[in-house]
Ligand SMILES: NC(=O)c1ccc[n+]([C@@H]2O[C@H](COP(=O)([O-])OP(=O)(O)OC[C@H]3O[C@@H](n4cnc5c(N)ncnc54)[C@H](OP(=O)(O)O)[C@@H]3O)[C@@H](O)[C@H]2O)c1
């Protein structure tokens, strides 16, 4: 159990991971994880490294992926074989190289964990000269997973495989100020996958959307206000992703999200009236951010 505060224990109850069931379910399978070099993807790679699987680790930092490969394959308690596929998934030729590697795997691909992501928190006033913030978040949070899916659906169909998308609870809540680039791009892929899911299920491919609250990873480090907020640990998240592999459930979200959704639905008018005043006061006190 992670080192949680009392509030975190209530908000994030433990996952019961049936390790025998997981081992039986994944034995001999091939699992690709994007964004494997850090945070959630890294912890998931180490967790799945304990099982008899082939792991394909995808991210830009090749040195980090290679040292993970060494750590997993060099540890006698670990059983996975690891393949490193270093690539910037926003770069067309690097993406194409990863796709052909994944399409030519001798044993096919069983599970694709779409986890790589970029978050940006920036007020609109500070974004006026930064159109590239919107293109780069869309590039990695939307276009990259769409490209991966389109190329890999035939491979996944052959193995009755599974797509696991690492999404955020914000897709179900009132969008927050300062997060327009990130939230719009995460929402875009969540909608894409939910729209495609019935067609994928008809092909025998399972889909799982994991709606995460705040998770303590390098992604949230630049946001000072998140330091004292309740957050899940990346190890805890990796366990619930692992559990979704044998349960093949279509979605996971924290138990309390439904209350947030209700508040988002009923409180939109109040929110829209109150927020501009709150932001004006904050701007007067701290400047534009
Ligand atoms: N942390 C949270 O509070 C939170 C909450 C809800 C949802 N999520 C979602 O969880 C997922 C994982 O985030 P995290 O918190 O674990 O963040 P993280 O520690 O920053 O990890 C992000 C991963 O994405 C990879 N990545 C980023 N840009 C890439 C690119 N252009 N090409 C290839 N790989 C790229 C990074 O590797 P390289 O830098 O080596 O490329 C890294 O491995 C994201 O999709 C995020 O939206 C996070």
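Numbering (my numbering), first residue to last: 73 to 361. Every residue gets a Cβ at the ideal spot worked out from N, C-alpha and C, and that includes glycine.
Nearest candidate by alpha-carbon position, reference residue i, set the options
i           : options            : result
residue 318 : 183, 243, 104      : 183
residue 111 : 280, 104, 306, 356 : 306
residue 104 : 337, 206, 120      : 120
residue 79  : 166, 357, 300, 335 : 300
residue 249 : 243, 294, 233, 193 : 193
residue 75  : 288, 296, 147      : 288
residue 244 : 336, 266, 85, 265  : 336
residue 262 : 292, 136, 218, 226 : 218
residue 310 : 355, 354, 186      : 186
residue 260 : 294, 348, 206, 98  : 206
residue 371 : 225, 253, 159      : Lying before the first or after the last residue shown, residue 371 is absent from the chain, which here runs from 73 to 361.
residue 87  : 334, 312, 247, 135 : 312
residue 209 : 147, 226, 162      : 162
residue 304 : 338, 115, 266      : 115
residue 220 : 113, 85, 168, 92   : 168
residue 272 : 293, 294, 227      : 227
Cα-Cα separation between residue i and residue j, rounded to whole angstroms
i           : j           : result
residue 284 : residue 190 : 15 angstroms
residue 131 : residue 214 : 16 angstroms
residue 302 : residue 178 : 43 angstroms
residue 222 : residue 346 : 42 angstroms
residue 332 : residue 258 : 18 angstroms
residue 255 : residue 321 : 24 angstroms
residue 102 : residue 118 : 15 angstroms
residue 298 : residue 196 : 20 angstroms
residue 234 : residue 268 : 13 angstroms
residue 201 : residue 150 : 48 angstroms
residue 251 : residue 315 : 30 angstroms
residue 291 : residue 324 : 21 angstroms
residue 99  : residue 279 : 20 angstroms
residue 275 : residue 216 : 22 angstroms
residue 143 : residue 330 : 40 angstroms
residue 264 : residue 135 : 32 angstroms
residue 308 : residue 152 : 20 angstroms
residue 354 : residue 343 : 16 angstroms
residue 348 : residue 296 : 22 angstroms
residue 350 : residue 356 : 10 angstroms
residue 170 : residue 358 : 44 angstroms
residue 164 : residue 204 : 17 angstroms
residue 270 : residue 352 : 44 angstroms
residue 266 : residue 146 : 39 angstroms
residue 128 : residue 92  : 22 angstroms
residue 137 : residue 113 : 11 angstroms
residue 334 : residue 148 : 49 angstroms
Endpoints, the alpha helix (DSSP H) within which residue i is located
i           : result
residue 91  : 91-98
residue 136 : 134-145
residue 219 : 216-230
residue 155 : No alpha helix (DSSP H) contains residue 155, which is instead part of the beta strand (DSSP E) from 153-158.
residue 274 : 252-274
residue 115 : 111-120
residue 78  : 78-83
residue 164 : 164-175
Test item: CB-CB of residue i and residue j under 8 angstroms
i           : j           : result
residue 126 : residue 180 : no
residue 175 : residue 154 : no
residue 54  : residue 123 : The question about residue 54 has no answer here: the residues shown for the chain are numbered 73 through 361.
residue 70  : residue 172 : An answer regarding residue 70 cannot be provided, because it is not within the stretch 73 to 361 covered by the chain.
residue 211 : residue 106 : no
residue 89  : residue 326 : no
residue 246 : residue 340 : yes
Span of the beta strand (DSSP E), counted from its first residue to its last, around residue i
i           : result
residue 353 : That residue, residue 353, is in no beta strand (DSSP E); its alpha helix (DSSP H) goes 340-358.
residue 102 : 102-106
residue 185 : 183-186
residue 280 : 278-284
residue 237 : 234-240
residue 317 : It is not in any beta strand (DSSP E) - residue 317 instead sits in the alpha helix (DSSP H) that spans 306-319.
residue 126 : 126-131
Residue i CB to nearest heavy atom of ligand 3 below 7 angstroms
i           : result
residue 106 : Ligands in the displayed structure: ligand 1; ligand 3 is not one of them.
Meets three-Cβ-pair contact criterion under 8 angstroms: the region 278-298 and the region 232-246
yes
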